[in-house]
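Student: Terminal number for the sequence shown in the numbering used here: 448, no gaps in between.
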Amino acid sequence: MNLQYVTLLISVLVVGILFFMKTKKISLGVRVFTAMFFGVSVGALLKSNALIIEPVGTIYVNLIKMLVIPLVMSSLISSITTLDNTSKLKSISLKSIGFLITTTVLATAIGLLVGKVMDLGSGIEFVKDAAFKAKEIPKFSAVLIDMIPANPINDMANAKMIPVIIFSMFIAVAINVEGSKKPEKVKPVKDLISSFSKIMFTLTRTIIELTPYGVYGLMVPVAAKYGVTSLLPLAKFIIAMYLSCLIHIALVHGSLIAVIAKVNPIKFFKKISEALIIAFTTRSSYGTLPITIRVLTENVKISDRIASFTASLGASIGMNGGGGVYPTLVAIFVARIFNIELTLTHYVLLFVTAAISSIGIAGVPGAATISATVVLSSLGLPVEGLAMILGIDVVVDMIRTMTNVTGAAVASILVASTENELDVDGFNDKNNTKKQELHAA
Ligand code: ASP
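1) State the Cα-Cα distance for the pair Thr380 and Gly329, rounded to the nearest angstrom.
2) Going by the DSSP bridge assignment, what does Leu429 pair with across the sheet?
3) Mind checking Gly1: buried by the 16 CB within 10 Å criterion, or exposed?
4) Express the C-alpha separation of Asp126 and Gly373 in angstroms, rounding to a whole number.
5) Exposed or buried, which one is Asp432 when buried takes at least 16 other CB atoms within 10 Å?
6) My guess is that Thr111 and Gly387 are in contact by the Cβ rule of under 8 angstroms, so how many angstroms apart are they, rounded?
7) Is Arg301 near Ser129, with beta carbons less than 8 angstroms apart?
8) Just verifying my parser: in three-state terms, what is the DSSP assignment at Phe324?
9) Buried or exposed for Ser204, please, with buried defined as at least 16 other CB atoms from any protein chain shown within 10 angstroms of its CB.
10) For the stretch 324 to 393, which segments carrying the alpha helix (DSSP H) assignment without a break, of at least 4 residues, lie completely within its bounds, in sequence order?
11) Among Val235, Ala322 and Val417, which residue has its Cα nearest to the Cα of Val270?
12) Kindly indicate which residue of Asn346, Gly398, Leu351 and Leu336 has the alpha-carbon position closest to the one of Val124.
13) Check whether the Cβ atoms of Pro219 and Val412 lie closer than 8 angstroms to each other.
14) Who are the near neighbours of Ser201 in its chain, counting only those whose CB is closer than 6 angstroms to its CB and skipping five residues on each side?
15) Where do the ends of the alpha helix (DSSP H) carrying Gly186 lie?
16) Closest by CA to Asp153, which one among Ile267, Ile144, Met163 and Lys167?
17) Does the separation of the CB atoms of Leu107 and Gly414 fall below 8 angstroms?
18) For the alpha helix (DSSP H) containing Val266, list its first residue and its last residue.
19) Could you tell me how far apart the beta carbons of Ile298 and Ile155 are, in whole angstroms, since I believe they sit closer than 8 angstroms?
20) Could you compute how far the alpha carbon of Thr289 sits from the alpha carbon of Pro334?
21) When you measure from the CB of Ser292 to every non-hydrogen atom of the ligand ASP, does any distance come out below 7 angstroms?
22) Would you mind giving the Cβ-Cβ distance between Thr317 and Asp311, rounded to the nearest angstrom? I have them listed as a contact below 8 angstroms.
23) Checking 8 angstroms against the spacing of the C-beta atoms, do Thr14 and Ala51 come in under that value?
24) Under the criterion of a Cβ to heavy atom distance below 7 angstroms, does Thr408 qualify as lining the ligand ASP?
25) Determine the direct distance from the alpha carbon of Ser82 to that of Ser315, and round the result to whole angstroms.
26) Do the CB positions of Phe287 and Ile396 come within less than 8 angstroms of each other?
27) When every heavy atom of the ligand ASP is checked, does at least one fall within less than 7 angstroms of the C-beta of Ile368?
28) What are the start and end residues of each continuous alpha helix (DSSP H) run of 4 or more residues lying completely inside the stretch 191 to 265, in chain order?
29) According to DSSP, simplified to helix, strand and coil, what is Leu127?
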């Protein structure tokens, strides 16, 4: 029997099992993990025959990407128009950027430590890849200019988060200014946007229900294309990446949550786990955004305003994995294979360029190769060294994206708690407990 038919048959069975689990009210998290397990097994067993399933993952990613712009814009505008002072907006913006960049700098430090301790790149010979073409490094001034909206429709179509956020803020502030003089003039627009934003949240919830099937469709091709043998030669790099990211999440994110937001970090990670799995499998923080915003508002209980603002900004600024850990490990790896001794100047430059180049990375698969190129060339290291690790980028991008999304979610809770926009009782499920007690009585 044709193995592609076998794949299809098994996949129908998997979909049936996942659907049955849903009817038995098994949590979404468990269903998604089950889907991951099936996806990896089917991909690893049936190899290229399993690729017939790939469109399922692509369709799922398209559906969640479809939500991003309308959801972010409507929830940003409608939540900022409920603000009565603009100084609050300023403080939210500054804190968001501050937390996003600071955590990226700390991620660089963790990457440096792990990379050095593991002596990354040792014992590896440089093999030139003739087909490798280094990415063009964008000029910093061009990156800055690109952040300012010129044609908002074009920015929306090209998924440029920062100009879209700035445009939404301008509209919201203009509604506030006009509304303070003639409230009746802006009321129809405010009501329309607020109602539209609720509709977008409902649509997001509906599409999230498809996650287990989407994750299955995303994991099958990854497991089919990357066997153990293709990963083995660079296993040390992959391990260093996963280790650094997990240490960063556990130590840096965990302690910031405990100390600043004063809530239990483990509970926090559990509450955002759905977004983390989706980030891991889709490799796009931009695509994960609707889910990130939803878990932050509905599970973590931070305000719509901060969730939509800080998390969206975090899908493009200060990516902890792609802007901090990854370029650092690449720099250590490349320096080692070319026998270049890194000096104090290199290290200082590493921190500065990692922080700067983490501004404006697109939250799409593989985007961090640009920040790595920027870091390598500003440190004077041979950019062609990067070619050696591009073959395993998908596997590395998975943990990178998960770390980026965790960083954005952590920045959101930190801003929310310092702005009094975190419902701590709600976070600790105290309201629910109270409701249940009342119900029982
Ligand atoms: N794929 C990452 C993201 O979407 C960017 C990167 O690290 O390459 O966040």
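Backbone N, C-alpha and C fix where the C-beta goes; we use that ideal spot for every residue, glycine too.
Tutor: If we stick to the structure as given:
1) A direct Cα-to-Cα measurement between Thr380 and Gly329 gives close to 12 angstroms.
2) Within the DSSP bridge table, the entry for Leu429 names Ile309 as partners.
3) Absent from the structure is residue 1, since the part of the chain shown begins at 8 and ends at 448.
4) Roughly 25 angstroms separates the two Cα atoms.
5) Exposed: under 16 other Cβ atoms inside 10 Å.
6) No, Thr111 and Gly387 are not in contact; Cβ-Cβ is about 22 angstroms, not under 8 angstroms.
7) Not closer than 8 angstroms, so no.
8) As written in the sequence, residue 324 is Ile, which differs from the Phe given in the question. Three-state result, Ile324: strand.
9) Buried is the call here.
10) Correct list: 333 to 344, 351 to 364 and 375 to 385.
11) Considering only alpha carbons, the answer is Val417.
12) Comparing Cα positions, the closest option is Leu336.
13) No. Outside cutoff.
14) For Ser201, where only same-chain residues beyond five positions count, the Cβ hits under 6 angstroms are Ser85.
15) Note, Gly186: alpha helix (DSSP H), Met168 to Lys188.
16) Among Ile267, Ile144, Met163 and Lys167, the Cα nearest to that of Asp153 belongs to Lys167.
17) Taking 8 angstroms as the Cβ cut-off, Leu107 and Gly414 qualify as a contacting pair.
18) First-last for Val266: undefined, no H or E at that position.
19) Not quite, the Cβ-Cβ distance comes to about 28 angstroms (not below 8 angstroms), so this is no contact.
20) If I take the Cα positions, the gap works out to 21 angstroms.
21) Under cutoff, so the answer is yes.
22) The distance from the Cβ of Thr317 to that of Asp311 is about 11 angstroms, inconsistent with a contact at the 8 angstroms cut-off.
23) Not a contact, by the Cβ cut-off of 8 angstroms.
24) At least one heavy atom of the ligand ASP falls within 7 angstroms of the beta-carbon of Thr408.
25) Using only the alpha carbons, I get a separation of about 6 angstroms.
26) Between Phe287 and Ile396, the C-beta gap is not smaller than 8 angstroms, which leaves the two residues out of contact.
27) Yes; taking the cut-off as 7 angstroms, the Cβ of Ile368 has a heavy atom of the ligand ASP nearer than that.
28) DSSP runs (the alpha helix (DSSP H)) wholly in the stretch 191 to 265: 218 to 232, 235 to 238 and 242 to 254.
29) Residue state, collapsed to three classes: coil.
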